[in-house]
Amino acid sequence: MEFATARIAVIGAGMAGAACATALQAVGRSVSLFDKGRGPGGRMSARSVTVGEDIVRFDHGAQYFTARNSGFRAQVAAWHARGIVAPWPAAGAGAWVGTPAMNRPVATLCTALDVTFQAHVSGLRRDPSGWRLNGEGVDSGPYAQVVIAAPAEQAAGLLADIDGVSDQCLVDPALFERIQATRSEPCWTVMAVWESPLAFSLDTYRGAGDIIWAARNSAKPGRSGPEAWVIQASPVWSRAHRGADPAEVCADVLRLFAETCRVPVPTPAFVQAHSWLYARSGSLGQACIWDAGLGLGVCGDWLIGPRVEAAWLSGTSLAAEMNGVYVNTASTGRRAE
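Have a look at this one:
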């Protein structure tokens, strides 16, 4: 199969999937992304709501990111030069946010990619023509290679039951056990808008109790509109309230925020809660997973650590392995070392 026509399916259009697809496409690969969400971003997603005459954008997932790796620093610098990201000193030295919303970097990557949203991939199968995707709203294939760019729990589910692939051929059993054992932490996030600024002098709050983070979202670079806050509960509190009524979560979190920050919290003009089941990832201790024989790869922040940068590094690392393997296989007939 020719290099440019060997189709690749990437499941997940968050930072890891978008970074992987971008790097693959840059060398001429044919890539299709599928994401169950309504738009790009994954856990960097943003939500827009209408409050009165204002459109308010909330960064209800990842709040900011930092850059340590030289490659990612170069990428962030390029985004900054184009106005895609901006520093946010309120979150600390070296903190960056997307502008005008947190999902802007991923959305920018996706503009140059073939992405299908609201596409739910429920399973994989392999037949003589290659890989096939099961699910709703997806192009079933065939594909020469498949990348799973999803949280550990979802990746494990797809890897555990693949039609046409025997268990012993999937991934190393010990590695698969480690993937299954990797757990993400949940997070209840509350988004609220007030007509007047809250009597709180800081734009961010970090804590170790039931409320671990609060941010004046409207004070981030590139934002405008009324007083808007994002408040995030701890993993322990979120786990204890899993499946709770969102309206009750809103009331409880706002009360905890008022008590924790010692600030009067009047009735908001708008309030909404979102439950992230896989908010903060664990760490498998490696950049990515790639099985050249099967043409199956896995990437995501959970392989390295719970950071936006880790997602980008995992995605680009997997693309590098796939490109190296493919080029060397085509030219020498053997896998690259």
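Following my numbering, the numbering of the sequence shown begins with 30 at its first residue and continues without gaps. The beta-carbon is built from N, C-alpha and C at its ideal position, and this holds for glycine as well.
In the three-state DSSP reduction, L332 falls in the helix class (H, G or I). Distances from the alpha-carbon of V105 to those of G90, F87, A124 put A124 closest. Apart from sequence neighbours up to five positions away, the residues of its chain that approach E214 with a beta-carbon distance below 7 angstroms are P264, A308, R309, ordered along the chain. Per DSSP, reduced to three states, the secondary structure at A221 is strand. In the DSSP assignment, G322 falls outside any alpha helix (DSSP H), carrying neither H nor E. Distance check between C139 and each of F63, R111, I318, A203 places F63 closest, using alpha-carbon atoms only.
In the DSSP assignment, N163 falls within the beta strand (DSSP E) that extends over 159-165.
When the alpha-carbon of W217 is set against those of E165, L285, Q174, the nearest one is in L285. If you draw a straight line from the Cα of A340 to the Cα of G159, it is about 27 angstroms long. The residues V85, V222, N246, S247, in chain order, have a CB closer than 6 angstroms to that of A257 in the same chain once the five nearest residues on each side in sequence are set aside. Unbroken beta strand (DSSP E) stretches of 3 residues or longer found wholly inside the region 81-158: 83-87, 114-116, 125-127, 143-146, 149-156, given in chain order.
With the rule of 3 Cβ pairs closer than 8 angstroms, the region 323-340 does not count as touching the region 291-304. By the Cβ-count criterion, E338 is buried, with 16 or more other Cβ atoms from all chains shown falling within 10 Å of its own Cβ. The straight-line gap separating the alpha-carbon atoms of G41 and S74 is approximately 13 angstroms. Taking each of A107, L342, M131 in turn and checking the Cα distance to A45, the smallest one comes out for L342. For D64, the enclosing beta strand (DSSP E) has its first and last residue at 59-64. Cβ-Cβ separation between Q147 and R67: approximately 6 angstroms, consistent with a contact (criterion under 8 angstroms).
For the 8 angstroms CB-CB criterion, V80 and P255 form a contact. Taking the Cβ atoms as the reference, G324 lies roughly 19 angstroms from A185, outside the contact range of under 8 angstroms.
Just so you know, the alpha carbons of G272 and L347 end up roughly 35 angstroms apart.
The C-beta distance from L162 to Q54 rounds to 19 angstroms, too long to meet the 8 angstroms contact threshold. For L306, the enclosing beta strand (DSSP E) begins and ends at 299-309. For G100, the CB contacts under 8 angstroms within the same chain, skipping 5 residues up- and downstream, are L342, T345 in chain order. In the three-state scheme derived from DSSP, where H, G and I count as helix and E and B as strand, T296 is classed as coil. If the five residues before and after G164 are omitted, its C-beta is found closer than 6 angstroms to the C-beta atoms of H149, V150, S151, all from its own chain and listed in chain order. In the structure shown, R212 falls within a coil segment according to DSSP collapsed to helix, strand and coil. Straight across, the Cα-Cα distance linking P335 with R212 is about 11 angstroms. Look at S230 here: in three-state DSSP terms it is coil, with no helix or strand label. The residue from M220, W266, L153, D232 with its alpha-carbon nearest to that of I191 is L153. Excluding five sequence positions before and after Q209, the CB atoms of its chain that fall closer than 7 angstroms to its own CB belong to A185, given in chain order.
Judged by beta-carbon spacing, A130 lies within the 8 angstroms limit of D88, meaning their Cβ atoms are closer than that value.
Of all alpha-carbon atoms in G322, R72, V175, the one lying nearest the alpha-carbon of Y93 is that of R72. Taking C-beta separations shorter than 6 angstroms and ignoring five residues to either side along the sequence, the partners of V135 in its chain run M44, A47, P69, G70, M73, following chain order. Exclusion of the five residues before and after C279 leaves V219, A221, V300, Q301, A302 as the residues of its chain whose Cβ lies within less than 8 angstroms of its Cβ.
Nearest in C-alpha terms to A349, of all of A50, R36, A38, is A50. In the DSSP assignment, Q174 forms a beta bridge with I37.
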